[in-house]
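Asks:
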Amino acid sequence: EVNPRASRTIPFVSKSIGVPLAKLATKIMVGKDLETMKFNKEIVPRYFCVKESVFPFNRFPGVDCILGPEMRSTGEVMGIDKSFPLAYAKSQLAAGQSLPQSGNIFISVKDHDKSAIVPIARSFKELGFNILASAGTSKQLQSKGIKVTIIAKIYEGRPNILDYMKNNEIALIINTPSGTRPRKDMVSTRAIAVQRGVPLVTTVPGAKATLLAIRELKRRKLNVRSLQRYYAAARQQE
7 EVNPRASRTI
17 PFVSKSIGVP
27 LAKLATKIMV
37 GKDLETMKFN
47 KEIVPRYFCV
57 KESVFPFNRF
67 PGVDCILGPE
77 MRSTGEVMGI
87 DKSFPLAYAK
97 SQLAAGQSLP
107 QSGNIFISVK
117 DHDKSAIVPI
127 ARSFKELGFN
137 ILASAGTSKQ
147 LQSKGIKVTI
157 IAKIYEGRPN
167 ILDYMKNNEI
177 ALIINTPSGT
187 RPRKDMVSTR
197 AIAVQRGVPL
207 VTTVPGAKAT
217 LLAIRELKRR
227 KLNVRSLQRY
237 YAAARQQE
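At position 51 of the sequence shown (counting the first as 1) the number is 57 in our numbering, and the numbers step up by one without a gap.
1. Give the range of the alpha helix (DSSP H) segment to which A281 is assigned.
2. Would you grab the beta carbon distance between V56 and A101 for me? Rounded to a whole angstrom, and I think it's under 8 angstroms.
3. Just tell me which of F54, S13 and E41 has its CA closest to the CA of R22.
4. The alpha helix (DSSP H) that contains K145, what's its start and end?
5. Apart from the five residues on each side of it in sequence, which residues of its chain come closer than 7 angstroms, Cβ to Cβ, to A127?
6. To the nearest angstrom, report how far apart N166 and A28 are at their CA atoms.
7. For T42 versus D119, is the C-beta spacing smaller than 8 angstroms?
8. At what residues does the beta strand (DSSP E) containing K57 begin and finish?
9. By Cβ distance below 6 angstroms, which residues in the same chain neighbour G143 in space, the five residues on each side in sequence not counted?
10. Could you tell me the alpha carbon to alpha carbon distance between T216 and D39, rounded to whole angstroms?
11. Taking the beta carbon of P205 as the centre, do at least 16 other beta carbons fall within 10 Å, making it buried, or is it exposed?
12. Taking DSSP as the reference, what is the three-state secondary structure of I157?
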C-alpha cells in the first residue's frame with residue numbers, strides 16, 4: 007500500500023531508503039527541483055523492509071483484535087534484512103511478538119481458508135511443531151494426511167483451547183474469523199491469547215509469512231546492522 011499523499015507510508019519509505027522525502031517535497035513547494043537536489047534516480051534497495059503496526063489490545067481485556075477500516079494502531083515498527091523472512095521476523099519481534107521455534111500450534115480457520123491452510127500446516131509439522139486444531143479444521147487436515155490433535159473450542163466443553171493456553175501449552179495460534187456462534191467463541195480465544203502473550207495470526211498470508219520466518223530462524227540467527235550500513239550498500243549497487 008502506497009498512498010499518493012503525505013500518509014504514514016512516507017516516513018516508512020524515507021527510513022527504508024535513507025532519504026528525507028518530506029523535506030525534499032517541502033523544498034519543491036518553494037521552487038527547487040529534484041535535479042538540483044540530486045534526487046533524480048530511483049533508489050531500489052537490495053534488502054527488505056517490513057512495516058508492522060503496534061496495537062494496544064493487551065491493555066483492553068476482552069477486546070477483539072480483528073482489524074477493520076478504523077484506525078486502531080498506536081504506532082509502527084520496521085524490520086529490515088537482506089531476506090524477507092528475517093525482515094518479517096524482526097518486525098514481529100519489534101512489535102512485541104516473538105515467534106516460536108517449537109511447541110504446539112493451534113489452528114482454527116473459516117471454511118474459505120481450509121484448503122489454503124493445508125500446505126502451511128504440513129510445513130509446520132515438518133519443522134517439528136505439533137498441530138492442534140478445532141474439529142472442522144482437523145477434519146480438513148486429517149483428510150490430507152496430516153496428524154492432528156483435536157481441541158474443543160471454549161463453548162464445546164473441556165479441556166478446550168483456553169485450558170491449553172492457561173497451561174502455557176500453545177506456542178502459536180492461527181485463527182481466521184468466521185460466522186456467528188463460532189465467531190463469539192473465537193473472539194474470546196483471540197482476546198485471551200493477546201492477554202497471555204501467545205503469538206496470534208489472523209490471515210492466511212500472515213500464516214505463510216510466519217512460516218517462512220520461523221523456518222529461517224531455525225536455520226540461522228538474526229543479525230543486526232545499522233541503517234547507515236544498509237543505505238551505503240544500496241548506494242554502492244546503484
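By construction, the Cβ of each residue, glycine as well, lies at the ideal position given by its N, Cα and C atoms. A quick note: this is a predicted structure, and the numbers were derived from the prediction, not measured.
Replies: In this structure, then:
1. With the chain covering 7 to 244 only, the question about residue 281 has no answer from this structure.
2. Cβ atoms of V56 and A101 stay farther apart than 8 angstroms, at about 10 angstroms.
3. According to the sequence shown, residue 22 is Ser rather than Arg. Taking the Cα of S22 as reference, the smallest distance to any Cα among F54, S13 and E41 is reached at F54.
4. Unbroken alpha helix (DSSP H) run through K145: A141 to S149.
5. So the list reads I113, I137, L147 and I152, once near-sequence residues are dropped.
6. When rounded, the distance between both Cα atoms is 51 angstroms.
7. Taking 8 angstroms as the Cβ cut-off, T42 and D119 do not qualify as a contacting pair.
8. Counting along the chain, the beta strand (DSSP E) containing K57 begins and ends at F54 to V60.
9. Position check: residue 143 holds Thr in this sequence, whereas Gly was assumed. Setting aside the 5 residues that flank it on each side, T143 is surrounded in the same chain by I113, S114 and V115, each with a C-beta closer than 6 angstroms to its C-beta; the list follows chain order.
10. Each residue's alpha carbon lies about 42 angstroms from the other.
11. Taking a 10 Å sphere around the C-beta of P205, we find 16 or more other C-beta atoms and assign the residue as buried.
12. In this structure, I157 counts as coil in the three-state DSSP scheme.
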